[in-house]
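Notes to accompany the following structure.
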Amino acid sequence: MKINMGIDVGGTKVLVLVLDNNYNILSRAKGKTLKGGATPEETCGAIKNLADDALEKAGAKWSDIVDLGVAVPTSIDPQSGEAFLSPALGWKNIPIRKIMSKTLGRELVIENDANCGTLAEHVKGAAKPFKNVVGFFVGTGLGGGIIINGELYRGARGLAGELGHETIKFNGRKCGCGKRGCLEAYCSKTAFAATLHKNVESKNRKTVLSKTSSAKFKNLRSSDLAEAYFDGDELVREVLEDGFYMLGLATANVVSILDPECIVYGGGVVEALGNSIIKPIKQGFSENLFGKKSSNTCLVISELGDDAVPMGAMINAKMRGKN
Ligand SMILES: [Zn+2]
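Residue 32 is where the sequence shown starts when you use this note's numbering, and the numbers rise one by one after that.
So, in structure tokens, the structure goes:
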């Protein structure tokens, strides 16, 4: 039996997929990411247990795996396999490829999660017809990926496509990375929670989410945001539409640099809100775009949802193996 595996190590959950060579999913396993002081070795050990579950469900064993790809929420140095910085996992300059490979007992290919998601949407999802694609993935943070002529573009040190940290407002809101005015500080679950909190605390605004969320909206789920949005909660609509307008503005910036044929939007928040969120994105895009008609760039929502990142990790491992 020949199979492949893709693993998405997210800030809150791990998703393991077992796939055949045509990217059909044979089995899956999902669990929480070990955090709160866990060492990278312990985090990888928990991932191995989930991978064991997924293999058992598929009736396969470790020696059946041809390609194994892992996606992580940080930039990865393509040469050393070192993780640059992941605030969510508490990783900084960690030799993660080496640690993961030792724990899983075999070679693997490791890559940034949004790079993987963009690659999967290009190969198998919403951006399939296009050779030049940029992806934005809105979850706890905001990740990006760039495909040029059908290939993932990593840059000189693996830092290309860090679109969440492009500055969209000089001296703007503080970002988790330490800079000010990053896109992630305007359009991510972390940003939405902080903006809701500020409006409730200092402007005395009301939202239905105050009843279900903890103080400061720290445990905000994408599904809660979407429910309040569709129920017409005025503050939630305002905060989300302002955030996604900024994403449209950032899209216009990317188009002025790369002029891709297609932009794909994914991640938990986008998946929960669906096509309804395209309107403010398009507004931010068309009002800030230079030199061409906004209708000439295709803006689409992810088709693969949660599966995009682990599937892309496996596709990336397959593609790199051939190089
Ligand atoms: Zn930042």
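In this text, a Cβ means the ideal position worked out from N, Cα and C, and glycines have one as well.
Run of the beta strand (DSSP E) containing residue i, from where it starts to where it stops
{"i": "residue 39", "result": "34-40"}
{"i": "residue 142", "result": "140-143"}
{"i": "residue 117", "result": "114-117"}
{"i": "residue 44", "result": "44-50"}
{"i": "residue 61", "result": "56-63"}
{"i": "residue 98", "result": "96-103"}
{"i": "residue 173", "result": "173-179"}
For residue i, the nearest candidate out of the options (CA to CA)
{"i": "residue 270", "options": "165, 257 and 89", "result": "257"}
{"i": "residue 137", "options": "305, 99 and 252", "result": "99"}
{"i": "residue 126", "options": "245, 103 and 299", "result": "103"}
{"i": "residue 106", "options": "252, 55 and 193", "result": "193"}
{"i": "residue 40", "options": "339, 351, 349 and 262", "result": "339"}
{"i": "residue 164", "options": "297, 62 and 241", "result": "297"}
{"i": "residue 54", "options": "118, 32, 151 and 60", "result": "151"}
{"i": "residue 90", "options": "68, 32 and 262", "result": "32"}
{"i": "residue 284", "options": "259, 311 and 197", "result": "197"}
{"i": "residue 180", "options": "230, 349, 289 and 213", "result": "289"}
{"i": "residue 119", "options": "69, 96, 85 and 254", "result": "69"}
{"i": "residue 322", "options": "168, 300 and 287", "result": "287"}
{"i": "residue 21", "options": "124, 48, 170 and 97", "result": "The chain is shown from 32 up to 354; residue 21 falls before or after that span and cannot be answered."}
{"i": "residue 113", "options": "85, 143 and 77", "result": "143"}
{"i": "residue 249", "options": "226, 263, 97 and 350", "result": "226"}
{"i": "residue 101", "options": "133, 48, 312 and 37", "result": "37"}
{"i": "residue 166", "options": "330, 97 and 260", "result": "330"}
{"i": "residue 96", "options": "124, 63 and 48", "result": "48"}
{"i": "residue 213", "options": "261, 260, 277 and 264", "result": "277"}
{"i": "residue 304", "options": "76, 195, 176 and 254", "result": "254"}
Inter-residue spacing [alpha-carbon to alpha-carbon] between residue i and residue j
{"i": "residue 93", "j": "residue 45", "result": "18 Å"}
{"i": "residue 354", "j": "residue 83", "result": "Below a pLDDT of 50, predicted positions are generally treated as unreliable, and residue 354, at 46, falls in that range; the measurement from the model is reported next regardless. For residue 354 and residue 83, the distance between alpha carbons rounds to 28 Å."}
{"i": "residue 343", "j": "residue 234", "result": "43 Å"}
{"i": "residue 188", "j": "residue 109", "result": "7 Å"}
{"i": "residue 291", "j": "residue 327", "result": "10 Å"}
{"i": "residue 65", "j": "residue 266", "result": "33 Å"}
{"i": "residue 172", "j": "residue 221", "result": "7 Å"}
{"i": "residue 209", "j": "residue 115", "result": "15 Å"}
{"i": "residue 50", "j": "residue 58", "result": "7 Å"}
{"i": "residue 71", "j": "residue 128", "result": "11 Å"}
{"i": "residue 140", "j": "residue 186", "result": "17 Å"}
{"i": "residue 149", "j": "residue 224", "result": "26 Å"}
{"i": "residue 131", "j": "residue 35", "result": "17 Å"}
{"i": "residue 361", "j": "residue 153", "result": "Given a span of 32 to 354 for the chain in the structure shown, any question on residue 361 remains unanswerable."}
{"i": "residue 161", "j": "residue 242", "result": "44 Å"}
{"i": "residue 81", "j": "residue 294", "result": "32 Å"}
{"i": "residue 87", "j": "residue 60", "result": "10 Å"}
{"i": "residue 146", "j": "residue 345", "result": "12 Å"}
{"i": "residue 74", "j": "residue 122", "result": "11 Å"}
{"i": "residue 275", "j": "residue 199", "result": "13 Å"}
{"i": "residue 280", "j": "residue 252", "result": "25 Å"}
{"i": "residue 246", "j": "residue 135", "result": "39 Å"}
{"i": "residue 79", "j": "residue 191", "result": "29 Å"}
{"i": "residue 178", "j": "residue 184", "result": "6 Å"}
{"i": "residue 308", "j": "residue 228", "result": "22 Å"}
{"i": "residue 232", "j": "residue 240", "result": "13 Å"}
{"i": "residue 282", "j": "residue 312", "result": "8 Å"}
{"i": "residue 260", "j": "residue 230", "result": "16 Å"}
{"i": "residue 268", "j": "residue 52", "result": "42 Å"}
{"i": "residue 133", "j": "residue 244", "result": "40 Å"}
Limits of the unbroken alpha helix (DSSP H) element including residue i
{"i": "residue 132", "result": "127-135"}
{"i": "residue 274", "result": "265-289"}
{"i": "residue 300", "result": "299-304"}
{"i": "residue 329", "result": "First-last for residue 329: 329-332, but that is the beta strand (DSSP E), not the alpha helix (DSSP H)."}
{"i": "residue 76", "result": "71-89"}
{"i": "residue 167", "result": "From DSSP, residue 167 is part of no alpha helix (DSSP H) but of the beta strand (DSSP E) over 164-169."}
{"i": "residue 308", "result": "From DSSP, residue 308 is part of no alpha helix (DSSP H); its letter is neither H nor E."}
{"i": "residue 335", "result": "Neither: residue 335 is in no alpha helix (DSSP H) and is coded neither H nor E."}
{"i": "residue 242", "result": "240-243"}
{"i": "residue 259", "result": "253-261"}
{"i": "residue 227", "result": "220-233"}
Would you call the stretch 319-335 and the stretch 156-173 in contact, with 3 or more CB pairs under 8 Å?
-> yes
With a cut-off of 6 Å, give the chain-ordered residues whose Cβ is closer than this to any heavy atom of ligand 1.
-> 196, 206, 208, 210, 213 and 215
Do three or more CB pairs link the stretch 233-253 to the stretch 311-326 at distances below 8 Å?
-> no
Is the stretch 191-204 touching the stretch 212-222 in the sense that three or more CB pairs, one from each, lie closer than 8 Å?
-> yes
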